[in-house]
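Q: Protein chains in written order, with our numbering: chain A, 13 to 449; chain B, 13 to 449. Got a structure for you, written out below as structure tokens; questions coming shortly.
Protein chains: 2
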Amino acid sequence: MPQIKVGLIGFGTVGAGMVEVLINNRRLIADRIGAEIAVKKIADLDIASDRGVRIDPIVLTTDAMEIINDPEIDVVVELMGGCDQAMEYILMAMERGKHVVTANKALIAKHGRLLFDTAERYGVDIAFEASVAGGIPIIRALREGLAGNQIKAVLAILNGTSNYILTRMTEEGLSFNEALSIAKRSGYAEVDPTLDIDGSDAAHKLTIVVSLAFGLPCKYEDIYKEGIDTVCPEDIRFAGEFGYCLKLLAIARQVDGHIEARVHPAFVPLDHILANVNEAYNAVYVEGDFVGPTLFYGLGAGRRPTGSAVVSDLMDIARNQIKGITGRVPPLSFVRPPARELSLKPIDQLITGYYFRFSALDRPGVLSKISGFLGANNISIASVIQKGRAGHGSVPVVMLTHEAMERDVRKSLELLDKLDVVTERTVLFRVEKKTGN
Amino acid sequence: MPQIKVGLIGFGTVGAGMVEVLINNRRLIADRIGAEIAVKKIADLDIASDRGVRIDPIVLTTDAMEIINDPEIDVVVELMGGCDQAMEYILMAMERGKHVVTANKALIAKHGRLLFDTAERYGVDIAFEASVAGGIPIIRALREGLAGNQIKAVLAILNGTSNYILTRMTEEGLSFNEALSIAKRSGYAEVDPTLDIDGSDAAHKLTIVVSLAFGLPCKYEDIYKEGIDTVCPEDIRFAGEFGYCLKLLAIARQVDGHIEARVHPAFVPLDHILANVNEAYNAVYVEGDFVGPTLFYGLGAGRRPTGSAVVSDLMDIARNQIKGITGRVPPLSFVRPPARELSLKPIDQLITGYYFRFSALDRPGVLSKISGFLGANNISIASVIQKGRAGHGSVPVVMLTHEAMERDVRKSLELLDKLDVVTERTVLFRVEKKTGN
């Protein structure tokens, strides 16, 4: 039976998961692909800690170059994370004719183009299923399963930490900080959770999704992002009263030859299938012109699900190697650039519904003043909740708007916040339409 | 640009959908695969009716053999349905070195083995993504995306007609017949809906899923099935009171080296992601040993979604053809039979929770008589609802049991139904455990 020899750089959580899949399901994998996937070397600065997997210590090394320079190794799996060093290793591996599997979303998001061009130049495969939504095979779905479709929209929950925190806030009425503490204690948030809660992680993944869905080489820096640290339990409650929940969404949508690509907390209608994606789960809702609405759901992080995704890529490469081919499916699923010229739409041109929470003095005529002001700026109100006196002299006035342009909204709020009847900065969230999916 | 020439046999709903995808997204498809997919001939007995797609009438023929015998045609797409004639065409096409794409679930379920062996013998590909769950790329997910996993369980809603009817019954409290009429009027049920509502259609698809998930050549006839025609709105209401909804589920589960494979209406916990799959949508919930729980959701039928699936198969075959290979992924994703010996478990050995609705005389001591009887047969009660007098002298007594063996359940009910306090045949549904998915 042929053997595919793998070198692993980075023996952390996901690396250990990959090794565990390969050990536990060794026979199953061989039955499926007709080849054995053998881990020949593992490089990590720490080769002493026990990762809970049975490996021969002889495969361990602190020197990644031993893998890069080993002519027997067919595939290099990069799971060290970070950008510069990882990039260097991957490029060297490809120059030496090795295929590459990586889970490094930041790297693919920032330097995908160079990586894909290099892979093509050296005739090797590069696979990155684990970089988006962990164990969910969403990259295969976009590249192959739905390949005959023009993608109209992608709405995704791509950050498990944020979704876990928002679930706690929704179900237990906790503040952001309280929910974050629980997430840390339960292992759903890292010690420094910045990239998860500020939307960066989801934006990295969305960059990859946009490129795959639309064939648009999209820059990470061009994706608009907001995190969840400004979400209050109050807004989640009001969302519920309007028939919505609050989720950190990564959204990509094709509108008249432009692509919207944005990450922010958003109101999701309670009858939308994404509204039921809770805890640390991820889900990607994809709408194609022929297939219609689809959803791909699962665990977006963690040793075992991400290990599963890495192994699926290894099996794919093994299947290619057995047939003696590479480049069967191009990394972004486009053999040539797509015919349609698409460009990223700046956020101030976004047209969507909005939720506003004004803190206003509890005086007669305030609502009329605010709504008159909005109307004059092309923002029309769809529904309002005005509750009784909060006791501080100011009360929340919350409303949903019909579709409006972000530019008009921002201008209005800036001016409205200067009115003397408005006592605090107005809270804004974008609202996904109820479509009866 | 290379051209892949396709012959289509069967120009019905799905055939027209496929042609529409290929026309509307011609450029996109060419951009993605670097080849053109051209429909060279279409065979159907009816070549007069307008299918709403722009095709040159010259491609139409009433003689499928014109396609089979055309040496220029690379791929035969079989969308005529039925078994004997379709089988004959497919076998002839493969003998002539043509790849085959089909959406024919009954054919794959009943004769998959012969079809796959023949494809291997003649070195051609056979693809059937459209045969299960319409536009949802579930076959690719099982064969490739989750390929490194031992599949523990598949719970699926695979029949859109049944799901639509159950949704109407649940939301509007309709009877089965009322809901069926609406389904027919809305185009969600065929004139003769037998195969959809008696579970046969779902069982065909489950046969394919079991083979893919476990590598177990599974016979359609061995799959236990019940339809939804016995479901009463009363049982749906009681389900709600217990915290469940009622769905027609196709279930495959690996338990101690045995595979359970069954199709029947089942109680699904309301907090399970499948409980939110309504209307005509399909969904496949797959649990792998590493990836954990996943869900694949979308439209399981219809011209456009199924057309999308057929085209994804054509693109796959085109990608193989460009690389000059076939058989890259074996039809069932196993190059050799799986190591583990698995066998199908007969339904009477099933162990699960149950729902019973007894029609009992409204007399003191009846509940104690029934429960005592069940206890003596190893069936222990988890919860009971006993409502007041229904006015006919008999009242419903409904209960959920802890896990029990089907054999014991059937034996008990048979005897219980003979008791003089039980006035009608007891209604039984199987219950999926609340696991907090």
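Note that the Cβ used here is the ideal one computed from N, Cα and C, for glycine as well.
Measuring alpha carbon to alpha carbon, tell me which of B:Gly405, B:Pro277 and B:Tyr256 ends up nearest Asp432 of chain B.
A: B:Gly405
Q: Grouping DSSP H, G and I as helix and E and B as strand, with all else coil, what is Lys4 of chain B?
A: This structure cannot speak to residue 4 of chain B, because chain B is shown only from 13 to 449.
Q: According to DSSP, what are the bridge partners of Gln398 of chain A?
A: In DSSP, Gln398 of chain A forms a bridge with A:Val409.
Q: Thinking C-alpha only, which one of B:Asp204, B:Ala214, B:Ala131 and B:Ala98 is nearest Arg108 of chain B?
A: B:Ala131
Q: Could you check how far apart the C-beta atoms of Glu444 of chain A and His284 of chain A are, in whole angstroms? I think they sit under 8 angstroms.
A: 7 angstroms
Q: Assuming contact is defined by CB atoms lying nearer than 8 angstroms, are Arg325 of chain A and Val113 of chain A in contact in what I supplied?
A: A small fix is needed here, since residue 325 of chain A is Asp in this sequence, not Arg. Result yes, Cβ atoms of Asp325 of chain A and Val113 of chain A sit closer than 8 angstroms.
Q: At least one CB of chain A closer than 8 angstroms to the CB of Gln162 of chain B: is that the case?
A: Gln162 of chain B counts as touching chain A.
Q: With a cut-off of 8 angstroms on the beta carbons, I'd call Ile49 of chain A and Val71 of chain A a contact; round off their distance for me.
A: The beta-carbon distance between Ile49 of chain A and Val71 of chain A, rounded to whole angstroms, is 14 angstroms. This is too long to meet the 8 angstroms contact definition.
Q: For His270 of chain A, which three-state DSSP category applies?
A: In the structure shown, His270 of chain A sits in a strand (DSSP, three-state: E or B).
Q: Quick test of your reading: Thr413 of chain A and Gly365 of chain A, contact by CB under 8 angstroms. State the CB separation rounded to the nearest angstrom.
A: Rounded, the Cβ-Cβ distance is 6 angstroms, consistent with contact.
Q: Scan the region 30–102 of chain B and note each continuous beta strand (DSSP E) run of 3 residues or more that stays entirely inside, going in chain order.
A: 48–55 and 87–90
Q: Which residue from A:Asn116, A:Lys381, A:Ala195 and A:Val341 puts its Cα closest to that of Val136 of chain A?
A: A:Val341
Q: What residue range is occupied by the uninterrupted alpha helix (DSSP H) comprising Val378 of chain A?
A: Val378 to Ala388
Q: Distance cutoff 8 angstroms, beta carbons only. Does Ile285 of chain B sit that close to anything in chain A?
A: yes
Q: In three-state terms, what does DSSP make of Tyr200 of chain A?
A: coil
Q: Return the chain-ordered list of same chain residues with a C-beta closer than 8 angstroms to the C-beta of Ile334 of chain B, the five sequence neighbours on each side being excluded.
A: By the criterion of a C-beta distance shorter than 8 angstroms, Ile334 of chain B is surrounded in its chain by Pro14, Ile45, Gly46 and Ala47, once the five residues flanking it on both sides are discounted.
Q: Given a threshold of 16 other Cβ atoms within 10 Å of its Cβ, counted over all protein chains shown, does Ser392 of chain A qualify as buried or as exposed?
A: exposed
Q: When you compare only the Cα positions, how much space is there between Ile329 of chain A and His111 of chain A?
A: 8 angstroms
Q: I want to see whether chain B comes within less than 8 angstroms of Asp82 of chain A, judged by CB atoms only; does it?
A: no
Q: According to DSSP, Met417 of chain B sits in a beta bridge with which residue or residues?
A: B:Ile363
Q: Could you tell me whether any Cβ in chain A is nearer than 8 angstroms to the Cβ of Asn288 of chain B?
A: yes
Q: So, Asp429 of chain B versus Asn390 of chain B, is the Cβ gap smaller than 8 angstroms?
A: no
Q: Can you list, in chain order, the residues of its chain whose CB lies under 7 angstroms from that of Thr179 of chain A, leaving out five sequence neighbours each side?
A: Asn290 and Glu291
Q: Nearest-angstrom Cα distance between Gly312 of chain A and Glu78 of chain B?
A: 50 angstroms
Q: Using DSSP bridges, identify the partner residues of Gln2 of chain B.
A: Only positions 13 to 449 of chain B appear in the structure, and residue 2 of chain B is not among them; the question remains open.
Q: Give a yes or no on whether the minimum CB-CB distance between Gly147 of chain A and chain B is below 8 angstroms.
A: yes
Q: Looking at chain A, is there any beta carbon in it that lies within less than 8 angstroms of the beta carbon of Asp420 of chain B?
A: no
Q: Note down, in chain order, all residues in the region 230–245 of chain A with a beta-carbon under 7 angstroms from any beta-carbon belonging to chain B.
A: none
Q: Pro205 of chain A and Thr182 of chain A - do their beta-carbons sit closer together than 8 angstroms?
A: No, the pair does not count as a contact, with Cβ atoms beyond the cut-off.
Q: Grab the span of the alpha helix (DSSP H) containing Asn294 of chain B for me, first residue to last.
A: Note, Asn294 of chain B: premise wrong, no alpha helix (DSSP H); beta strand (DSSP E) at Tyr293 to Gly300.
Q: Exposed or buried, what is Cys230 of chain A when buried is set at 16 or more other beta-carbons lying within 10 Å of its beta-carbon?
A: buried
Q: CB-CB under 6 angstroms to Gly185 of chain A, same chain, minus the five flanking residues each way: which ones, in chain order?
A: Taken in chain order, the residues that qualify are Pro245.
Q: Do Asp43 of chain A and Glu346 of chain B count as a contact pair if the criterion is CB distance below 8 angstroms?
A: It is Phe, not Glu, that sits at residue 346 of chain B in the sequence shown. Contact flag set, yes.
Q: Indicate the three-state DSSP secondary structure (helix, strand or coil) for Lys117 of chain A in the structure shown.
A: helix
Q: Between the region 371–389 of chain B and the region 260–271 of chain B, do at least 3 Cβ pairs fall closer than 8 angstroms?
A: Verdict: no, contact absent.
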